[in-house]
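Working notes, structure below.
Next up, the structure:
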């Protein structure tokens, strides 16, 4: 999710990476370390190997590959991306995942952020943005309880909690994952929703959401939850793109209006 400043610095060494978190980091080094340790045990090779954690610095192995963000995504890219995400969500046993702390930007945090920023978004000069926000808030009022409850469709998984395509590295054959500072307990539809609704999927990369999602065997209940979670993330991005000047400045002019149209389309 958008931040007003970076949470860390990165030192790229020949065979390793040092991720240096800010002194006021709110548990991010521990979240990163925990996820890397779990994946090294249950899905070795999918993410960097954890090497050391000391004084807010996580040292990990360096992975090959280039970020998918900003590339022309082919079917081979989408196949590899789906394989990597499925492996991530199936790797950690459900009993282990259930005991993890909730990921950052879960349903509660996302809904709270929407409502906290709704006033600034409603004052946006573009009436299309205002209409989308009003429709989104009406939907959220009716949908939030079910989103929290989740049900069988929300079986616990380790969630990466960052759908930015810059965090998925393509080596020509496979995709590997980096950046787990917000990771924690999540569910499969929620994580897929964040990926396809992340601004990186469409503002400078053309991720075909329908094609990508067709690669996942979703139950009817999971498909319904996926749509509701997509609506939540689309609404969250709308308020960040229109109420947070730092987020708006990092994206092309008109991105907020485009996001309003995306949300209205998802709301039907």
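In the working numbering, the protein residues as written are 168 to 435. Backbone N, C-alpha and C fix where the C-beta goes; we use that ideal spot for every residue, glycine too.
Range covered by the alpha helix (DSSP H) that runs through residue i
i           : result
residue 414 : 412–416
residue 305 : 294–316
residue 281 : 274–289
residue 332 : Neither: residue 332 is in no alpha helix (DSSP H) and is coded neither H nor E.
residue 204 : 195–209
residue 376 : 376–380
Start-to-end residues for the beta strand (DSSP E) that takes in residue i
i           : result
residue 226 : 224–228
residue 217 : 217–221
residue 335 : 335–337
residue 183 : 183–188
Those residues which DSSP pairs with residue i across a bridge
i           : result
residue 353 : 324
residue 178 : 185
residue 342 : 337
residue 239 : The partner list for residue 239 (beta bridge, DSSP) is empty, contrary to what the question assumes.
residue 269 : 352
Spatially closest choice to residue i from the options, by CA coordinates
i           : options               : result
residue 331 : 316, 368 and 337      : 368
residue 257 : 326, 181 and 203      : 326
residue 386 : 366, 428, 318 and 328 : 318
residue 395 : 218, 321 and 296      : 321
residue 440 : 349, 420 and 174      : Past the edges of the chain, shown from 168 to 435, lies residue 440, and the structure says nothing about it.
residue 305 : 431, 176 and 174      : 431
residue 255 : 276, 205 and 230      : 205
residue 198 : 299, 329, 357 and 250 : 329
residue 225 : 235, 249 and 188      : 188
residue 315 : 335, 287 and 269      : 269
residue 194 : 310, 174 and 364      : 174
residue 219 : 411, 227 and 400      : 227
residue 249 : 350, 342 and 271      : 342
residue 296 : 408, 433, 202 and 177 : 408
residue 436 : 398, 359, 299 and 350 : It is not possible to answer for residue 436, since the shown part of the chain is limited to 168 through 435.
residue 401 : 365, 338, 291 and 185 : 365
residue 383 : 371, 392 and 252      : 252
Three-state secondary structure assigned by DSSP to residue i
i           : result
residue 262 : helix
residue 172 : Because residue 172 carries a pLDDT of 43, less than 50, the predicted location of this residue cannot be relied on, and the following value inherits that uncertainty. Correct three-state label for residue 172: coil.
residue 347 : coil
residue 430 : helix
residue 233 : strand
residue 401 : helix
residue 422 : helix
residue 372 : coil
residue 407 : helix
residue 384 : coil
residue 191 : coil
residue 319 : helix
residue 253 : helix
residue 435 : coil
residue 359 : helix
residue 390 : helix
residue 248 : helix
Any non-hydrogen atom of the ligand ZN within 6 Å of residue i CB
i           : result
residue 366 : This structure simply doesn't include the ligand ZN, nor any ligand for that matter.
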